[in-house]
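A.B. asks: Take 1 as the starting number for the sequence shown in full-length UniProt numbering and just add one per residue. Backbone N, C-alpha and C fix where the C-beta goes; we use that ideal spot for every residue, glycine too. All values reported here derive from a predicted model rather than from experimental measurement.
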Amino acid sequence: MMSHVFTTRRGGLSDFPFDSLNLALHVGDDALTVAKNRALVQTPPAIFMNQVHGDTVVVIDGATTLEITADAIITQERNIALSVMVADCIPLLLWDEKEGTVGAVHVGRRGLVHAIAAKTVLLMKELGAGNLRGVMGPSICGSCYEVGEDIFEEVVATYPEAASRSHSGKFALDLPKALEVELINHGVAIERTNICTCEDANYFSYRRNAITGRQAGFIWLT
């Protein structure tokens, strides 16, 4: 059986500006408090990535306490939770429950350009997954992710669906829309939460507050 969950910033122990359920060790929060926050999330033992906005996909063969440098992880092992931490980027969870394969993917602007999601889907298919489903957790929306014209043109040249305008009419990127189209084109039945982290104060947002915590998506097999 597959289970997944997306956390908010509520219900943890961290003080401002990481209040309160910050799950990231790299943002300046107290490490012991972060460990306690992670323990509050009701999942099997979780694997956390050192996310670098790249295109590395790692297959997890067993439980480990080591932090893995990657932006996507896949497993067919049971009772191991895969996690992806975000504060505006898209936490993408993928699964084929019948074949017992799950994945967690960190998709930001650079990850989209690097096709990290498509690479993860292809590797999951190589491992036997044939009926992939997915869900995109809360992330920044196309009206809030304002960018410069150069970045806009770079992304839209490959992903025209990403073209958007901000609330003030400036260049912006709709990463969830572009990712949705890409996943559909790769045969993934995809769902979206349609929650904007920048607009909803229940979530950490780097665009709203540069010094902030991270929420996460978790997925696992039992």
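Since G111 is in the alpha helix (DSSP H), which residue starts that stretch and which ends it?
C.D. replies: G111 -> alpha helix (DSSP H) spans 109 to 113.
A.B. asks: Indicate the three-state DSSP secondary structure (helix, strand or coil) for V188 in the structure shown.
C.D. replies: Here V188 sits in coil by DSSP.
A.B. asks: Along the chain, which unbroken stretches of the beta strand (DSSP E) at least 3 residues long are found entirely within the segment 97 to 182?
C.D. replies: Listed in chain order, they are 101 to 107, 133 to 136, 163 to 165, 171 to 173.
A.B. asks: Where K125 and E97 are concerned, what is the direct C-alpha to C-alpha distance, given to the nearest angstrom?
C.D. replies: C-alpha separation (whole angstroms): 13 Å.
A.B. asks: Could you check whether F48 and E67 sit closer than 8 Å to each other, using their CB atoms as the reference points?
C.D. replies: Cβ atoms of E67 and F48: closer than 8 Å.
A.B. asks: Along the chain, where does the beta strand (DSSP E) that runs through A72 open and close?
C.D. replies: Run containing A72: 72 to 75, per the beta strand (DSSP E) assignment.
A.B. asks: I'd like the list of long-range same chain contacts for V156, defined as Cβ closer than 6 Å, with 5 residues on each side in sequence excluded.
C.D. replies: Same-chain partners within the cutoff: A162, A163.
A.B. asks: Among S20, V188, Q42, which one has its Cα closest to the Cα of G12?
C.D. replies: Closest option to G12, Cα to Cα, is S20.
A.B. asks: By DSSP's criteria, A216 is part of a beta bridge. Which residues make up the other side?
C.D. replies: According to DSSP, A216 bridges with M85.
A.B. asks: State the beta-bridge partners of A46 as determined by DSSP.
C.D. replies: A81, per the DSSP bridge assignment.
A.B. asks: Could you tell me if H26 is buried or exposed, where buried requires 16 or more neighbouring beta carbons within 10 angstroms of its beta carbon?
C.D. replies: So H26 ends up on the exposed side.
A.B. asks: Output needed for V17: all residues of its chain with C-beta closer than 7 Å, excluding positions within five of it in sequence on either side, in chain order.
C.D. replies: In the sequence under discussion, the amino acid at residue 17 is Pro, which differs from the Val named in the question. The answer, listed in chain order, is N209, I211, T212.
A.B. asks: Name the DSSP bridge partner or partners of I195?
C.D. replies: Paired residues: none, contrary to the question.
A.B. asks: In this structure, how does DSSP classify V27 when only helix, strand and coil are distinguished?
C.D. replies: It is coil, neither helix nor strand.
A.B. asks: To which residues of the same chain is A118 closer than 7 Å at the C-beta, ignoring the five residues directly before and after it?
C.D. replies: Taken in chain order, the residues that qualify are E182, H186.
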